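Beneath this line is the structure, given in structure tokens, with notes to follow.
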Amino acid sequence: MKGVLLPVMLNRLRAHLLERIDRLSEGWQRFVGNHPRLIHTLKKTYIERKVMPFIEKII
């Protein structure tokens with residue numbers, strides 16, 4: 001059971017985080033305009049500073 005449950009939970013977490021990042025990037029785009037490289041940098045920074053430490057705590 002544990003072998004099946006963990007991948008399902010991780011997949012749900014991944015989907016939730018991707019949805020959250022998409023919503024944030026829409027807000028950033030409204031704020032800074034259409035600058036794809038800046039939006040990409042903001043996403044990367046957000047993932048490095050907020051998402052990865054959270055995932056490392058779980059793992």
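Residue 3 in UniProt numbering sits at position 3 of the sequence shown; the count goes up by one each step and never skips.
All C-beta atoms, glycine included, are put in the ideal place defined by N, C-alpha and C.
Source: prediction; values computed, not measured.
(request) Measure the alpha-carbon distance for residue 42 versus residue 4 and round it to whole angstroms. (result) For the purposes of this step, residue 42 is taken as the residue at position 42 of the sequence shown. For the purposes of this step, residue 4 is taken as the residue at position 4 of the sequence shown. Going by the C-alpha atoms only, they are around 34 Å apart.
(message) Give me, in chain order, the residues of the same chain whose beta-carbon lies closer than 6 Å to that of residue 32; leave out the 5 immediate sequence neighbours on both sides.
(response) Here residue 32 refers to the residue found at position 32 of the sequence shown. The answer, listed in chain order, is 38.
(message) Report the start-end ranges of each alpha helix (DSSP H) in the stretch 19-48 that is 4 residues or longer and not cut off at the edges.
(response) 36-46
(request) Check whether the Cβ atoms of residue 18 and residue 46 sit closer than 9 Å, and answer yes or no. (result) As a first step, residue 18 must be located in the sequence shown, where it is residue number 18. As a first step, residue 46 must be located in the sequence shown, where it is residue number 46. No, the Cβ-Cβ distance between residue 18 and residue 46 is not below 9 Å.
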